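Position in the sequence shown (first residue = 1) + 337 = the working numbering.
Glycine included, C-beta positions come from ideal geometry on N, C-alpha and C.
The structure displayed is predicted, hence computed values, not measured ones.
Notes for the one structure printed next.
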Amino acid sequence: MREDDAEALLDIFSDPIATRYFGVIFDRPRMDEWVRNNLEHEKQYGFSLLSVILKENGEVIGDCGLETDKIDGQTVVGIGFDFRRLYWGKGYATEAALAILKYGFTQYEFDSISCWIDPENTPSQRVAERIGMTVEKYVARGGKKYALYSIKRKDWKIE
Ligand SMILES: CC(C)(COP(=O)(O)OP(=O)(O)OC[C@H]1O[C@@H](n2cnc3c(N)ncnc32)[C@H](O)[C@@H]1OP(=O)(O)O)[C@@H](O)C(=O)NCCC(=O)NCCS
Numbered sequence: 338m339r340e341d342d343a344e345a346l347l348d349i350f351s352d353p354i355a356t357r358y359f360g361v362i363f364d365r366p367r368m369d370e371w372v373r374n375n376l377e378h379e380k381q382y383g384f385s386l387l388s389v390i391l392k393e394n395g396e397v398i399g400d401c402g403l404e405t406d407k408i409d410g411q412t413v414v415g416i417g418f419d420f421r422r423l424y425w426g427k428g429y430a431t432e433a434a435l436a437i438l439k440y441g442f443t444q445y446e447f448d449s450i451s452c453w454i455d456p457e458n459t460p461s462q463r464v465a466e467r468i469g470m471t472v473e474k475y476v477a478r479g480g481k482k483y484a485l486y487s488i489k490r491k492d493w494k495i496e
């Protein structure tokens, strides 16, 4: 991800439909801050959310990558994915998430990779299920309930 990807990513994070499970809509300064935080995460952990670029037109169509959060007192590594609405329903999120899962399990020693999802966010849950994740438990994050989807290294098969 580069700082100037904020423009394209704002198309997701300022969209009331795309953000309906986030409870917050970004303006440009908040989007810039989000990108900077992600780049800081990259420096600290060596991985972060990546910008997804469509080969055929060179456009940034979304983000997908690895992020971390403290859940039940433990640092959990998760897959994140957010796509511009114009590019939903084409399999791009699933394709990107499968590549990130492979990257996570081949480049790092993680025993499992997770994804925390609002239980109402059906499209996101479908992506998690298509890449082989199942619900491990329900957890609280920032006062909200999330389904913690996970896949263990031993259950992951190279596509
Ligand atoms: C979550 C999100 C990325 C899912 O997007 P999506 O378009 O449903 O997921 P994909 O890109 O993998 O596309 C899969 C859909 O495309 C269809 N599709 C069409 N062509 C396809 C192809 N060649 N390969 C695979 N799927 C294809 C699939 O049938 C599937 O539709 P279905 O779920 O109705 O069966 C999207 O809803 C989003 O960005 N939401 C806002 C941000 C968000 O909530 N992020 C997740 C936070 S946890």
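Is any non-hydrogen atom of ligand 1 found closer than 8 Å to the C-beta of residue i, if you look at the structure I gave you?
i, result
"Asp-369", "no"
"Glu-404", "no"
Name, in chain order, the residues that DSSP records as bridge partners for residue i.
i, result
"Val-472", "Tyr-486"
"Ile-416", "Leu-403"
"Ser-385", "Ser-385 pairs with nothing; no bridge assigned."
"Arg-365", "According to DSSP, which records beta bridges pairwise, Arg-365 is partnered with nothing at all."
"Val-397", "Ile-390"
"Ile-408", "Gln-411"
Taking all protein chains shown into account, do 16 or more other C-beta atoms lie within 10 angstroms of the C-beta of residue i, making it buried, or fewer, making it exposed?
i, result
"Asp-341", "exposed"
"Tyr-486", "buried"
"Thr-415", "Note that residue 415 is Gly in the sequence shown here, rather than Thr. The residue is buried, with at least 16 neighbouring Cβ atoms inside 10 Å."
"Leu-423", "exposed"
"Ile-349", "buried"
"Glu-457", "exposed"
"Glu-466", "exposed"
Hey, is residue i close to ligand 2, as in C-beta under 8 Å from one of its heavy atoms?
i, result
"Glu-404", "Ligand 2 is absent from the structure shown, which contains only ligand 1."
For residue i and chain E, any beta-carbon pair shorter than 9 Å?
i, result
"Leu-386", "Of the protein chains in this structure there is only one, and it is not chain E."
Item to complete: Considering only heavy atoms of ligand 1, list every residue whose Cβ is less than 6 Å from one of them, following chain order.
Response: Ala-355, Tyr-358, Phe-418, Asp-419, Phe-420, Trp-425, Gly-426, Lys-427, Gly-428, Tyr-429, Ala-430, Thr-431, Ile-454, Asn-458, Pro-460, Ser-461, Arg-463, Val-464
Worksheet item: Of all the alpha helix (DSSP H) runs that stay within the bounds of the region 421-453, which reach a length of 4 or more residues?
Response: 429-444
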